[in-house]
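Chains D and E, in that order, give the protein sequences.
By our numbering, the letter at position 100 of the first sequence is numbered 108, and the numbering carries on one by one without gaps.
By our numbering, the letter at position 237 of the second sequence is numbered 260, and the numbering carries on one by one without gaps.
For glycine and all other residues, C-beta sits at the position ideal for the given N, C-alpha and C.
Bear in mind that the values here come from a model prediction, so they are computed numbers and not experimental data.
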Amino acid sequence: MSTEVKTKESLFSKKNQQLLKDPFNDNNPITVQVLGICSALAITVKLEPAIVMSLSVMFVLAAGNVIISLIRNLIPNRIRIIVQLVVVASLVILVDQFLKAFAYDVSKQLSVFVGLIITNCIIMGRFEAFALGNGPWKAFLDGIGNSIGYGVILIAVAFVRELLGSGQLLGAQIIPLSWYIDMDKGTGFYANNGFFLFPPMALIVVGMIIWAQRAKNTKLIEEN
Amino acid sequence: MKFVQNIFDQTRPLVEKDGKRNIFYPLHNAIETMAFVPDHTAHSGAHVRDAIDLKRTMVTVIFAMVPALLFGMWNIGRLHFGAFGEESTLIDNVIFGAMKLLPLIIVTYAAGLGVEIYFSWKRNHPVNEGFLVSGLLIPMIMPVDIPLWMVAVSTIFAVLIGKEVFGGTGMNLLNPALTARAFAFFAYPTWMSGDKVWINTTSADGGQLVDGYSGATALGDLATTVGQGLGNPSTETVMAQFGPEGTYSLMNAFLGLIPGSIGETSAALILLGGLFLVFKGVGSWRIMVSFFIGGFVMAAIFNAFAVNEFMGLNPLHQLMLGGFMFGMVFMATDPVSAAQTTTGKLIYGFLAGFFGIMIRVFNPAYPEGIMLAILFMNVMAPLIDHYVVEANVKRRAKRLANA
Numbered sequence: 009m010s011t012e013v014k015t016k017e018s019l020f021s022k023k024n025q026q027l028l029k030d031p032f033n034d035n036n037p038i039t040v041q042v043l044g045i046c047s048a049l050a051i052t053v054k055l056e057p058a059i060v061m062s063l064s065v066m067f068v069l070a071a072g073n074v075i076i077s078l079i080r081n082l083i084p085n086r087i088r089i090i091v092q093l094v095v096v097a098s099l100v101i102l103v104d105q106f107l108k109a110f111a112y113d114v115s116k117q118l119s120v121f122v123g124l125i126i127t128n129c130i131i132m133g134r135f136e137a138f139a140l141g142n143g144p145w146k147a148f149l150d151g152i153g154n155s156i157g158y159g160v161i162l163i164a165v166a167f168v169r170e171l172l173g174s175g176q177l178l179g180a181q182i183i184p185l186s187w188y189i190d191m192d193k194g195t196g197f198y199a200n201n202g203f204f205l206f207p208p209m210a211l212i213v214v215g216m217i218i219w220a221q222r223a224k225n226t227k228l229i230e231e232n
Numbered sequence: 024m025k026f027v028q029n030i031f032d033q034t035r036p037l038v039e040k041d042g043k044r045n046i047f048y049p050l051h052n053a054i055e056t057m058a059f060v061p062d063h064t065a066h067s068g069a070h071v072r073d074a075i076d077l078k079r080t081m082v083t084v085i086f087a088m089v090p091a092l093l094f095g096m097w098n099i100g101r102l103h104f105g106a107f108g109e110e111s112t113l114i115d116n117v118i119f120g121a122m123k124l125l126p127l128i129i130v131t132y133a134a135g136l137g138v139e140i141y142f143s144w145k146r147n148h149p150v151n152e153g154f155l156v157s158g159l160l161i162p163m164i165m166p167v168d169i170p171l172w173m174v175a176v177s178t179i180f181a182v183l184i185g186k187e188v189f190g191g192t193g194m195n196l197l198n199p200a201l202t203a204r205a206f207a208f209f210a211y212p213t214w215m216s217g218d219k220v221w222i223n224t225t226s227a228d229g230g231q232l233v234d235g236y237s238g239a240t241a242l243g244d245l246a247t248t249v250g251q252g253l254g255n256p257s258t259e260t261v262m263a264q265f266g267p268e269g270t271y272s273l274m275n276a277f278l279g280l281i282p283g284s285i286g287e288t289s290a291a292l293i294l295l296g297g298l299f300l301v302f303k304g305v306g307s308w309r310i311m312v313s314f315f316i317g318g319f320v321m322a323a324i325f326n327a328f329a330v331n332e333f334m335g336l337n338p339l340h341q342l343m344l345g346g347f348m349f350g351m352v353f354m355a356t357d358p359v360s361a362a363q364t365t366t367g368k369l370i371y372g373f374l375a376g377f378f379g380i381m382i383r384v385f386n387p388a389y390p391e392g393i394m395l396a397i398l399f400m401n402v403m404a405p406l407i408d409h410y411v412v413e414a415n416v417k418r419r420a421k422r423l424a425n426a
């Protein structure tokens, strides 16, 4: 294909490290590219489903990136979206079956959202933008990097929402039960914030993360 | 007066830009301009010379709110002593109400101004007067028994997310006071609805009133009739309260002798405040009138179908209950979040009233549909303005083409 002489690049060269690190802050899929917002709103009420979701996306994105990258020169350009869909769909079915077999409760909580990984914009976005034009190792690193960037935000949002909305973390009570207001006995002073259980609050939390990130990382602020 | 001036002059170097305590500059500036007339004037360019500035506008609104606020204070006491079956004088009621209301007001101002001052310091500008009104509106739309920290959290959320993220006073998309209430409503529903929070039933020694005393609002009671079918005996007991002799009679609802959020009950005194606002040119009569018509039209449509008692309520009576009047006079007319164009104001007000009654009746779980309707129309207001302006541009372009 290309006629240029390829110089051998080490596995974790500066450039490759960048592939892993970039999506964490400067090019975060959720807070900078604003992709994959739907799942960030839907499954972040509790921490556990958020973690499982992040791992599932990591598997699908890394494996999918590698597969697409391996067959990138065989895919006819005009039907590439269909080919990509077939790859994601097969991987997602694998994840779905795996969760049903080994983590049934979580799979119930995630319900349709496992299937909806197929429509997660991050995945098709990375296939199109990266895997189609790069080798398998780079594509793998890119997949891992982006899914970590996605997972970090997901877990941060879920952490805040579960702690303030239900007073728990991973299902364990964090806020002492004796703090809660008991109207009949007239004791306690604390109450869970029910707003955090609604998806709009997830959007506000994501917004506040974006706000904090841009305050720290001023090069993200667009000129207008 | 001179010595007060001296205090300000002496402390000024400390809080100025490179002073040691510059975090207090906004606070210093706010208190100073409250105590003395600011000495800075416009230096260049053409300016409208008018006595009315932001400060005066805000203070006018506060004056308009005072009757309803004082009435609310008295009503807290009246309902409290009434629940115990005790006789109480006017003074008893007002003192008890003040003991309940003042902490709410202080907490709201402290929480809201805290956030405002922090952002003023961060952004290097003086504190705006915008929060003066919001800080008084928020306690007026809260139930009397809400824990103070919930008010503080809601206020901080409202000022932060409702106002500061958009750039502060004058930039906000949503009405900050209503944002606070909406937050509290969704976050702490147990303390914002139901039949336990509207009347303070804690006796002087800290004990609770015996169970079985219902302190529901009129709308809460009405909501219980939905789904029970017409002619059901318990429905009739409730509806008897809405008759001319009942607790929630049209006259009582108009005067405000019913349980509800602190400042929202008295339609009569709210209307008095509304007249004052319109007379002073601060509140928009277009929004108020179209809001009323919108609510009335919706209530009349429901009344014509009347498949349940809630829908069957007399339209005028419907409008006197809950937060409709308060929303009409003090919330929908917020000059920043409302529509700006003349035609836009009419559309905005009409739809807010219309949707308010619709949400209230269709979903009895949200008796305060007015709040949600006004917030919704706040978001829609720029769109309304956009189309009003576009229509005007088109009309004039056509006129030009024909000329």
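* Asked: So, is the C-beta of V167/E closer than 9 Å to a C-beta in chain D?
  -> Not an interface residue.
* Return no unless some Cβ of chain D is closer than 9 Å to the Cβ of N45/E. => Interface flag for N45/E against chain D is unset, since no Cβ pair is found closer than 9 Å.
* To do: Please say whether V117/E and T178/E have beta carbons closer to each other than 9 Å?
  => Taking 9 Å as the Cβ cut-off, T178/E and V117/E do not qualify as a contacting pair.
* Shorter than 9 Å from the beta carbon of A2/D to some beta carbon of chain E? -> The shown model of chain D, from 9 to 232, leaves out residue 2/D, and the question about it has no answer.
* Asked: When you check each C-beta in the region 200 to 213 of chain E against every C-beta of chain D, which residues fall closer than 8 Å?
  -> For the region 200 to 213 of chain E, the set of positions with a beta-carbon nearer than 8 Å to some beta-carbon of chain D reads F206, F209, A210, Y211, P212 and T213 in chain order.
* So is M394/E in contact with chain D if we call contact Cβ pairs under 9 Å? -> At a cut-off of 9 Å between beta carbons, M394/E makes no contact with chain D.
* Asked: Can you round the beta-carbon distance between L292/E and P36/E to whole angstroms, since I take them to be within the 8 Å contact cut?
  -> Not confirmed; about 47 Å, so no contact.
* To do: For the alpha helix (DSSP H) holding H340/E, just list the boundary residues, first then last.
  => Here the alpha helix (DSSP H) through H340/E covers P338 to M343.
* To do: Let me know if A263/E comes out buried or exposed under the rule of 16 or more other beta-carbons within 10 Å of its beta-carbon.
  => Of the other Cβ atoms in all chains shown, fewer than 16 fall within 10 Å of the Cβ of A263/E; this residue is therefore exposed.
* With a cut-off of 9 Å, does the C-beta of W187/D fall near any C-beta of chain E? -> At a cut-off of 9 Å between beta-carbon atoms, W187/D makes no contact with chain E.
* **Close Cβ partners of F32/D (< 8 Å) along its chain, the five nearest in sequence each way excluded** => Once the five neighbours on either side are set aside, the close Cβ partners of F32/D are G153, I156, G157 and V160.
* What three-state label does DSSP hand A239/E in the structure shown? -> Three-state result, A239/E: coil.
* Can you name the residues that DSSP bridges to A180/D? -> L177/D, per the DSSP bridge assignment.
* What residue from N401/E, H340/E and V320/E has the CA that sits closest to K186/E's CA? -> Nearest in C-alpha terms to K186/E, of all of N401/E, H340/E and V320/E, is N401/E.
* What is the DSSP secondary structure of T39/D, reduced to helix, strand or coil? -> Residue state for T39/D is assigned as coil, using DSSP reduced to three classes.
* Rank P144/D, I131/D and G179/D by C-alpha distance to the C-alpha of P37/D and give the top, closest one. => Measuring from the Cα of P37/D, the nearest candidate turns out to be I131/D.
* Asked: Of the residues that make up the region 172 to 195 of chain E, which ones have a beta carbon closer than 8 Å to any beta carbon in chain D?
  -> Across the region 172 to 195 of chain E, CB contacts with chain D closer than 8 Å involve W172, M173, V176, I184 and V188, in sequence order along the chain.
* To do: Would you please verify whether the beta carbon of P405/E is less than 9 Å from any beta carbon of chain D?
  => Answer no: the Cβ-Cβ gap between P405/E and chain D never drops below 9 Å.
* Assigned secondary structure, T192/E (DSSP; H/G/I helix, E/B strand, else coil) -> When secondary structure is reduced to three states using DSSP, T192/E falls in the coil class, being assigned neither helix nor strand.
* To do: Using a Cβ-Cβ cut-off of 9 Å, state whether F167/D counts as contacting chain E.
  => Output row for F167/D: interface = no.
* Shorter than 9 Å from the beta carbon of I170/E to some beta carbon of chain D? -> With the sequence shown as reference, residue 170/E is identified as Pro, and Ile is not the correct amino acid for it. By this cut-off, P170/E is an interface position.
* Starting from I212/D, find everything on chain E with Cβ-Cβ shorter than 8 Å and list it in chain order. => Around I212/D, the beta-carbon contacts reaching into chain E at under 8 Å are I184.
* Leaving out five residues on either side along the sequence, give the residues of the same chain with a beta carbon under 6 Å from the beta carbon of T192/E. => Spatial neighbours of T192/E in its own chain (CB-CB distance under 6 Å, excluding positions within 5 residues in sequence) are listed in chain order as N151 and G153.
* **Closer than 8 Å at the beta carbon, the chain E residues around N225/D** => Simply none; closest approach about 18 Å.
* Asked: Can you tell which of F377/E, G392/E and E259/E has the C-alpha that lies nearest to the C-alpha of R383/E?
  -> Distances from the CA of R383/E to each of F377/E, G392/E and E259/E were compared; the closest alpha carbon is that of G392/E.
* Straight-line Cα distance separating T225/E from G283/E -> Each residue's Cα considered, the two are about 17 Å apart.
* **Beta-bridge pairing of Y198/D - partner residues as DSSP gives them** => Partner residues in the beta bridge of Y198/D, as assigned by DSSP, are Y188/D.
* Asked: Using the beta-carbon count (16 or more within 10 Å), is I30/E buried or exposed?
  -> Exposed, because fewer than 16 other Cβ atoms sit within 10 Å of the Cβ of I30/E.
* Under the three-state reduction of DSSP, which class applies to T225/E: helix, strand or coil? -> It is a strand residue.
* Asked: Are three or more beta carbon pairs between the region 238 to 249 of chain E and the region 374 to 389 of chain E nearer than 8 Å?
  -> Judged by Cβ distances under 8 Å, the region 238 to 249 of chain E makes contact with the region 374 to 389 of chain E, as three or more pairs qualify.
* Asked: So, are the CB atoms of F277/E and A290/E less than 9 Å apart?
  -> With contacts defined as CB atoms closer than 9 Å, F277/E and A290/E qualify as a contacting pair.
* Any C-beta of chain E under 9 Å from that of N201/D -> Yes, its Cβ sits closer than 9 Å to a Cβ of chain E.
* **Residues that W219/D contacts on chain E, provided the C-beta gap is smaller than 8 Å** => Within chain E, the residues near W219/D are V188.
* By DSSP, does I76/D sit in helix, in strand, or in coil? -> The answer is helix: DSSP assigns I76/D an H, G or I state.
* Asked: Touching or not, the region 122 to 142 of chain D and the region 83 to 97 of chain D, by the rule of three or more beta carbon pairs under 8 Å?
  -> Per the Cβ contact rule, the region 122 to 142 of chain D is in contact with the region 83 to 97 of chain D (3 or more Cβ pairs under 8 Å).
* Do you know offhand how far G279/E's Cα is from A121/E's? -> Cα to Cα, G279/E sits roughly 18 Å from A121/E.
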